[in-house]
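For the sequence shown, counting from 1, position 62 maps to 62 in UniProt numbering; every step adds exactly one.
For each residue, glycine too, the CB sits at the ideal point set by N, CA and C.
Nothing here was measured: the structure is a model prediction, and the numbers come from that model.
Please read the structure below before turning to the comments.
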Amino acid sequence: MSRGGYVGIDGCPGGWLAVALSEDGQSWAADVYEDINRLWEAHQEAKLLLIDMPIGLADGREPRACDALARELLKPGRTSSIFAAPVREVLGASSYAEANALQRKLSGRGLSRQSWGLVPKIRRLDELLQQDPEARGGFRESHPELCFAQLFGGPMHHGKKTPEGFAERLTHLRRVCAHADAIVAELLARYPRKALARDDMLDALALAVTGWLSGGELRQVPAEGDADRTGLRRTISFYKPEGRTLAAGSP
């Protein structure tokens, strides 16, 4: 596809999955990149890059407001899909034990194993955003489960890693993206599951669809936003169609 458009990005075992939709919605591209810098090089002319990874970290004992507000929007049933972002000092830890001790000392709360598993990717993204002002302006944090809930009338009923959850999410995406089945089929054929899980495909596609449907006019929590001590904005973006949901069908 031509440069530009809307890109949804999800971390995966093989690195980072980027699904891109052209501005007119007629073409797409989907690739796994081992390194976030390579992904940025490939998509830096995009109108918007939505990524499921924390941007702007917690400072001290005050957790990120965006995480708490996103959980409120995912009631009931999907609040646990929002992991608490670590404090910045955790990015320098070399083990879970060290990271957990740092998190508890600085925030008063321990670090979950799930959050620790994300730390290498959080670190790489943070390094890119600290070093490249254009990248800092290009990426916006989002969350697939929040996007599904806001687009389709409420939180999903089934866990995303279950067969029922995969079918539920793909059914919704088909209604707003004519390429959904083709994108999933290509990714299934090109990448082994040890590099790319099936739910990662739908997560990245949900973010790309969110960007495309919004035309870049997104909502966010908190509405005003705030920043961490390095100046990175701490918001989670989504799109909610005015006055309707898209569950009953959409162009």
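**Request:** Would you kindly work out how many angstroms separate the C-alpha atoms of Glu62 and Leu125, rounded to a whole number?
**Result:** As a first step, residue 62 must be located in the sequence shown, where it is residue number 62. As a first step, residue 125 must be located in the sequence shown, where it is residue number 125. Approximately 22 Å between the Cα atoms of the pair.
**Request:** Check whether the region 91-105 touches the region 74-81, counting contact only when three or more Cβ pairs, one atom from each stretch, lie closer than 8 Å.
**Result:** no
**Request:** Could you say which of Phe238, Gly215 and Arg219 lies nearest to Lys47 if we only look at CA atoms?
**Result:** Counting from 1 along the sequence shown, the entry for residue 47 is found at position 47. Cα-wise, what sits closest to Lys47 is Gly215.
**Request:** Using the Cα positions of Thr162 and Glu145, report the straight-line distance between them to the nearest angstrom.
**Result:** Walking along the sequence shown from the start, residue 162 turns up at place 162. Walking along the sequence shown from the start, residue 145 turns up at place 145. Cα to Cα, Thr162 sits roughly 14 Å from Glu145.
**Message:** Just to confirm before moving on: does the CB-CB distance between Arg219 and Gly56 stay below 8 Å?
**Reply:** Position 219 of the sequence shown, counted from the start, is the residue given in the question as residue 219. Position 56 of the sequence shown, counted from the start, is the residue given in the question as residue 56. No, they are not a contact pair.
**Item:** Helix, strand or coil at Ala135 according to DSSP, with G and I counted as helix
**Value:** The sequence position of residue 135 within the sequence shown is 135, counting from 1. In the structure shown, Ala135 sits in a helix (DSSP, three-state: H, G or I).
**Item:** Pick from Gly25, Asp226, Gly159 and Glu224 that is closest to Asp203, judged by C-alpha positions
**Value:** Taking the sequence shown and counting its residues from 1, one reaches residue 203 at position 203. Minimum Cα distance to Asp203 is reached at Gly159.
**Message:** Taking the alpha carbon of Glu23 as the reference point, which residue from Gly4, Gly108 and Glu41 has its own alpha carbon closest?
**Reply:** For this step, residue 23 is matched to residue 23 along the sequence shown. For the residues Gly4, Gly108 and Glu41, the minimum Cα distance to Glu23 belongs to Gly4.
**Message:** Quick check on the DSSP output: what are the complete alpha helix (DSSP H) runs of length 4 or more inside the region 3-53, in order along the chain?
**Reply:** 36-43
**Message:** If you reduce the DSSP assignment to three classes, tell me which class Asp59 lands in.
**Reply:** Within the sequence shown, numbered from 1, the residue matching residue 59 stands at position 59. If DSSP states are grouped into helix, strand and coil, Asp59 belongs with the strands.
**Prompt:** Helix, strand or coil for Phe83 per DSSP?
**Reply:** To locate residue 83, count along the sequence shown from 1; it is residue 83. DSSP places Phe83 in coil when its eight states are reduced to three.
**Asked** Tell me, which residues are paired with Val90 by DSSP?
**Response** Sequence index remark: in the sequence shown, residue 90 carries index 90 (1-based). Answer by DSSP bridge pairing: none, since Val90 is not bridged.
**Asked** Does Gly216 have its Cβ less than 8 Å from a Cβ in chain C?
**Response** Structure shown: chain C not included; a single protein chain is present.
**Asked** Cα-Cα, which of Asp52, Leu21, Tyr33 and Ala58 is closest to Glu45?
**Response** The sequence position of residue 45 within the sequence shown is 45, counting from 1. It is Leu21.
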